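Asker: Before I ask anything, let me first share the structure, which is written out below as structure tokens.
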Amino acid sequence: MCDQEFHTGDECPWIYSSCKQPQCLGIRMLTTSTTSINPGRKYLACQFYSCKGGWQWLNKAIAEVATTLKSPSKACYGCGDEGHWLKNCPWKGLSCRTENCIGKRHLKTSEKLNSSGWKSLKCYECNDLQWLKHAREEMVSSSQSVGSSSNSAATVQINMSLNDFCNQFEMQTNLK
Numbered sequence: 001m002c003d004q005e006f007h008t009g010d011e012c013p014w015i016y017s018s019c020k021q022p023q024c025l026g027i028r029m030l031t032t033s034t035t036s037i038n039p040g041r042k043y044l045a046c047q048f049y050s051c052k053g054g055w056q057w058l059n060k061a062i063a064e065v066a067t068t069l070k071s072p073s074k075a076c077y078g079c080g081d082e083g084h085w086l087k088n089c090p091w092k093g094l095s096c097r098t099e100n101c102i103g104k105r106h107l108k109t110s111e112k113l114n115s116s117g118w119k120s121l122k123c124y125e126c127n128d129l130q131w132l133k134h135a136r137e138e139m140v141s142s143s144q145s146v147g148s149s150s151n152s153a154a155t156v157q158i159n160m161s162l163n164d165f166c167n168q169f170e171m172q173t174n175l176k
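Following this line, the structure appears as structure tokens:
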């Protein structure tokens, strides 16, 4: 898609992105130029033809993002950390933190004016939102408070009906 490394085509952050014009609610789409002046050059264009500033050369957009990430060519496009790609991001698909919610949290990047570029974890089942920065702080503080005891108990949550559980348990055990 964008010819950058470290993500697959279906994870490309440039295929669809919000228009950067402050009053525009459009979506910019990754497109390839067919003009004789710039053949094959990729650019982002707003879906609304009336949006006058809604297009940008892809290389310029990538350069803008490069100033916000430590190493954009080697960093995850989801969380910004190095060492993994978006498809293996440890923050992607986490269970919702809200009690009794069965939803998964999705990694998102804010495009609102006052929080543009900030990463968040959003559950679409209960609409819970947590800034990734705060989730990281929470993870560090909880591991430090538990860290003094390396024998801490782990909790495993399994979602299945009681009948399924009983049937599986009965098939795999012999109670006397």
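Heads up: the sequence shown begins at 1 in the working numbering, then just goes up one per residue.
Virtual Cβ for every residue (Gly too), placed ideally from N, Cα, C.
None of the values given here were measured: they were computed from a predicted structure.
(1) Among residues of its own chain, excluding the 5 on either side of Thr8, which ones have a beta-carbon nearer than 7 Å to its beta-carbon?
(2) Less than 8 Å separating the beta-carbons of Tyr43 and Trp57?
(3) What's the C-alpha gap between Leu142 and Ala135?
(4) Is the Cβ-Cβ distance between Lys104 and Cys79 less than 8 Å?
(5) Please say whether Leu121 and Leu94 have beta carbons closer to each other than 8 Å?
(6) Report back the beta-carbon spacing between Lys102 and Glu125 to the nearest angstrom; my notes put them in contact at under 8 Å.
(7) Roughly how many angstroms separate the alpha carbons of Gln47 and Thr32, rounded to a whole number?
(8) Along the chain, where does the beta strand (DSSP E) containing Ser110 start, and where does it finish?
(9) Assuming Met29 is part of the beta strand (DSSP E), what are its boundary residues?
(10) Using the three-state DSSP reduction, which class does Cys166 fall into: helix, strand or coil?
(11) Lys119 by DSSP, collapsed to three states: which one?
(12) Where Ser145 and His84 are concerned, what is the direct C-alpha to C-alpha distance, given to the nearest angstrom?
Answerer: Reading off the structure:
(1) Lys87
(2) yes
(3) Reading off the sequence, residue 142 comes out as Ser, not Leu. C-alpha separation (whole angstroms): 10 Å.
(4) no
(5) yes
(6) The question names Lys, but residue 102 is Ile in the sequence shown. Going by Cβ atoms, the distance from Ile102 to Glu125 rounds to 7 Å, so yes, they are a contact pair.
(7) 14 Å
(8) From DSSP, Ser110 is part of no beta strand (DSSP E); its letter is neither H nor E.
(9) Ile27 to Thr32
(10) helix
(11) strand
(12) Residue confidence is low: Ser145 scores 36 on pLDDT, short of 50, so the model does not pin down where it sits. Its coordinate-derived value is still stated next. If you take the alpha carbons of Ser145 and His84, they lie about 27 Å apart.
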